[in-house]
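There are 2 protein chains.
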Amino acid sequence: MAEGGTSTIGGENLLFLTDEQLRKGIEAMFFAYRGFTADPDRILEDHGYGRAHHRALHFINRTNGTTVNNLLALLGVTKQSLNRVLRTLIEDGLVESRIGRRDRRERNLYLTEAGHTLERALSEAQRERMRAAYRAAGPQAVAGFRQVLEAMMDDEIRRHYAGLKDRRG
Amino acid sequence: MAEGGTSTIGGENLLFLTDEQLRKGIEAMFFAYRGFTADPDRILEDHGYGRAHHRALHFINRTNGTTVNNLLALLGVTKQSLNRVLRTLIEDGLVESRIGRRDRRERNLYLTEAGHTLERALSEAQRERMRAAYRAAGPQAVAGFRQVLEAMMDDEIRRHYAGLKDRRG
DNA sequence: ATTTTATGTCAGCCTTGTTGACATTCCAAG
DNA sequence: CTTGGAATGTCAACAAGGCTGACATAAAAT
Numbered sequence: 000m001a002e003g004g005t006s007t008i009g010g011e012n013l014l015f016l017t018d019e020q021l022r023k024g025i026e027a028m029f030f031a032y033r034g035f036t037a038d039p040d041r042i043l044e045d046h047g048y049g050r051a052h053h054r055a056l057h058f059i060n061r062t063n064g065t066t067v068n069n070l071l072a073l074l075g076v077t078k079q080s081l082n083r084v085l086r087t088l089i090e091d092g093l094v095e096s097r098i099g100r101r102d103r104r105e106r107n108l109y110l111t112e113a114g115h116t117l118e119r120a121l122s123e124a125q126r127e128r129m130r131a132a133y134r135a136a137g138p139q140a141v142a143g144f145r146q147v148l149e150a151m152m153d154d155e156i157r158r159h160y161a162g163l164k165d166r167r168g
Numbered sequence: 000m001a002e003g004g005t006s007t008i009g010g011e012n013l014l015f016l017t018d019e020q021l022r023k024g025i026e027a028m029f030f031a032y033r034g035f036t037a038d039p040d041r042i043l044e045d046h047g048y049g050r051a052h053h054r055a056l057h058f059i060n061r062t063n064g065t066t067v068n069n070l071l072a073l074l075g076v077t078k079q080s081l082n083r084v085l086r087t088l089i090e091d092g093l094v095e096s097r098i099g100r101r102d103r104r105e106r107n108l109y110l111t112e113a114g115h116t117l118e119r120a121l122s123e124a125q126r127e128r129m130r131a132a133y134r135a136a137g138p139q140a141v142a143g144f145r146q147v148l149e150a151m152m153d154d155e156i157r158r159h160y161a162g163l164k165d166r167r168g
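These protein sequence lines are chains A and B, in that order. Just so we're aligned, residue 0 is where the first sequence starts under numbering that gives the first Met the number 0, counting upward by one. Just so we're aligned, residue 0 is where the second sequence starts under numbering that gives the first Met the number 0, counting upward by one.
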């Protein structure tokens with residue numbers, strides 16, 4: 000049974016995309032995402048946090064000193080929603096909010112030591128799962144994985160994904 | 000700059016997994032999943048439904064005549080949570096719930112004509128995005144994509160993913 | 001001086017997860 | 001046959017975390 004076959008016709012590699020194959024891909028995405036979030040979720044539960052807190056910690060760590068507005072664009076939620084999460088993280092001493100130096104309206108966000116500790120625990124759990132999957136699938140598969148995921152993003156997001164740079168300060 | 004490089008040493012293809020590469024993979028997963036759900040979400044909004052309704056419709060369509068318990072295992076939520084979604088779908092005439100013939104405690108679930116119509120609209124939107132991503136990335140990438148996703152699932156789920164069969168009745 | 005921008009906050013709504021209590025049905029042990 | 005436990009599904013109530021709208025404040029821009 001040839002599933003997901005490719006064929007080379009006239010030098011070009013063609014892909015036969017049946018609805019059945021696409022459905023398999025859709026379900027793979029759904030189930031894999033569950034696995035992807037399962038390990039951090041368990042850690043978060045112990046701290047009384049949810050996925051929203053994880054996402055905030057991740058991107059604050061990634062883009063050190065980022066502003067609230069910046070974070071909103073990345074996370075794709077409303078400021079009210081982000082604010083609720085951010086407030087608890089600040090109250091709990093995981094995130095520090097400093098008034099901007101150039102523009103005093105802005106708040107620059109940083110992880111505290113405690114924040115870094117939790118972020119590391121979360122991301123290490125997630126990296127471990129990703130590492131195992133990468134190893135099992137092999138380098139060629141990993142390259143393909145990344146290509147398909149990137150093609151699946153919205154255009155605006157793809158720019159964020161590609162262009163995000165650390166800006167320490 | 001060699002990012003995510005592979006090298007062939009002694010005939011074996013090795014993969015260098017830096018934390019940075021893994022983090023890129025993690026973010027790709029996050030952003031791609033947003034894109035993955037964006038199109039159906041827009042359709043659902045028009046009908047006053049959410050993602051949970053989409054998932055239910057998908058798996059009822061896929062496993063025609065499935066029971067509530069079966070669906071629970073696939074969706075990974077509590078029966079109470081599923082029940083709420085199911086109730087509205089039944090009230091709205093998208094899903095039919097028939098008392099089981101062998102075991103009258105069970106309910107066998109089927110899509111009505113209207114249910115099929117909405118399911119098709121949702122899955123076609125999602126397939127279209129998947130199709131475009133597959134085309135952009137190419138067949139080799141698609142194979143890798145599926146391999147990595149499968150390796151990322153929890154073991155129990157992987158069995159569901161691989162082994163799900165239609166059982167019409 | 002006025003307007004715009006960045007941020008924070010309050011109130012209230014919705015979806016979708018959770019647990020607890022309960023009804024129905026089946027099946028097996030007595 | 002009856003009865004008690006297990007399986008299945010429903011109803012009620014609560015929490016997290018999305019959302020919108022309204023409003024306050026401070027600072028920057030005009």
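Ideal Cβ positions, reconstructed from N, Cα and C, are used throughout, including at glycine. What you are looking at is a predicted structure, and each value in this text was computed from that prediction instead of being measured.
Can you look up aspartate 18 (chain A) in the DSSP assignment and give me helix, strand or coil?
Three-state DSSP puts aspartate 18 (chain A) in a helix.
Hey, quick one: how far does the alpha helix (DSSP H) through leucine 73 (chain B) stretch, first residue to last? 67–74
If the criterion is Cβ atoms closer than 8 Å, does the pair tyrosine 109 (chain A) and asparagine 69 (chain A) meet it?
no
* To do: To the nearest angstrom, report how far apart isoleucine 25 (chain B) and leucine 74 (chain A) are at their CA atoms.
  => 14 Å
Determine, using beta-carbon pairs with one atom in the region 39–54 of chain A and one in the region 32–40 of chain B, whether at least three such pairs fall under 8 Å. no
- Query: What in chain B is Cβ-close to alanine 37 (chain A), meaning under 7 Å?
  - Reply: Asp153
DSSP on asparagine 82 (chain A), reduced to helix/strand/coil? In the three-state scheme derived from DSSP, where H, G and I count as helix and E and B as strand, asparagine 82 (chain A) is classed as helix.
Lysine 78 (chain A): buried (16+ other C-beta within 10 angstroms of its C-beta) or exposed? exposed
>> If you reduce the DSSP assignment to three classes, tell me which class leucine 108 (chain B) lands in.
In response: In the three-state scheme derived from DSSP, where H, G and I count as helix and E and B as strand, leucine 108 (chain B) is classed as strand.
From the beta carbon of glutamine 79 (chain A), is the nearest beta carbon of chain B less than 8 Å away? no
| task | Mind listing the chain B neighbours of glycine 64 (chain A)? Cutoff is C-beta to C-beta under 8 Å, in chain order. | result | Under the 8 Å cutoff, chain B gives no residues; its nearest Cβ is about 18 Å from glycine 64 (chain A).
*Three-state secondary structure (DSSP) at arginine 103 (chain A)?*
coil
DSSP has arginine 97 (chain A) in a bridge; who is on the other side? Answer is A:Asn107, bridged to arginine 97 (chain A).
(request) Taking 8 Å as the threshold, find out whether the region 95–104 of chain B comes into contact with the region 116–125 of chain B through three or more Cβ pairs. (result) no
#### Entry: Nearest residue (CA-CA) to valine 84 (chain B), options B:Arg33, B:Arg106, B:His53, B:Ala135
B:His53
In chain B, what lies closer than 7 Å to isoleucine 40 (chain A) by C-beta? Here the sequence assigns aspartate to residue 40 (chain A), which means isoleucine is not the residue at that position. Those do not exist, as aspartate 40 (chain A) stays about 11 Å from chain B at its closest Cβ, beyond 7 Å.
(message) The alpha helix (DSSP H) that contains asparagine 48 (chain A), what's its start and end?
(response) Note that residue 48 (chain A) is tyrosine in the sequence shown here, rather than asparagine. Judged by DSSP secondary structure, tyrosine 48 (chain A) falls outside any alpha helix (DSSP H); it is assigned neither H nor E.
#### Entry: Within-8 Å CB hit, leucine 70 (chain B) to chain A
no
**Report entry** Chain-ordered residues of the region 132–150 of chain A with a beta carbon less than 8 Å from chain B
**Finding:** Ala132, Tyr133, Arg134, Ala135, Ala136, Gly137, Pro138, Gln139, Ala140, Val141, Ala142, Gly143, Phe144, Arg145, Gln146, Val147, Leu148, Glu149, Ala150
By the criterion of Cβ-Cβ separation under 9 Å, what are the contact partners of alanine 55 (chain A) in chain B?
Under the 9 Å cutoff, chain B gives no residues; its nearest Cβ is about 13 Å from alanine 55 (chain A).
Aspartate 153 (chain A) in three-state terms, based on DSSP: coil
Against chain A, does arginine 101 (chain B) count as a neighbour if the rule is that its beta carbon must be under 8 Å from one of theirs? Judged by the 8 Å Cβ criterion, arginine 101 (chain B) is not in contact with chain A.
- Would you please verify whether the beta carbon of aspartate 18 (chain B) is less than 8 Å from any beta carbon of chain A? Yes - at least one Cβ of chain A is within 8 Å of the one on aspartate 18 (chain B).
| task | Look up arginine 61 (chain A) in the DSSP assignment and say whether it is helix, strand or coil. | result | helix
Exercise for review: Within its chain, find whatever has a CB closer than 8 Å to the CB of phenylalanine 58 (chain A); leave out the 5 residues flanking it on each side and keep chain order.
Suggested key: Only Thr65, Leu70, Leu73, Leu74 meet the Cβ criterion.
Practice item. Answer yes or no: does any C-beta atom of chain A fall closer than 8 Å to that of glycine 24 (chain B)? Key: Yes, contact with chain A.
Worksheet item: Should alanine 31 (chain A) be flagged as near chain B, meaning a C-beta pair shorter than 8 Å?
Response: yes
Three-state class that DSSP yields for aspartate 91 (chain B) in the structure shown: coil
For leucine 21 (chain B), decide whether its Cβ has a neighbour in chain A, counting only Cβ atoms nearer than 8 Å.
Closer than 8 Å to some Cβ of chain A, the Cβ of leucine 21 (chain B) qualifies, so yes.
### Task
Tell whether a beta-carbon distance below 8 Å holds between tyrosine 32 (chain B) and phenylalanine 30 (chain A).
no
request  = Using the Cα positions of glutamate 105 (chain A) and arginine 128 (chain A), report the straight-line distance between them to the nearest angstrom.
outcome  = 36 Å
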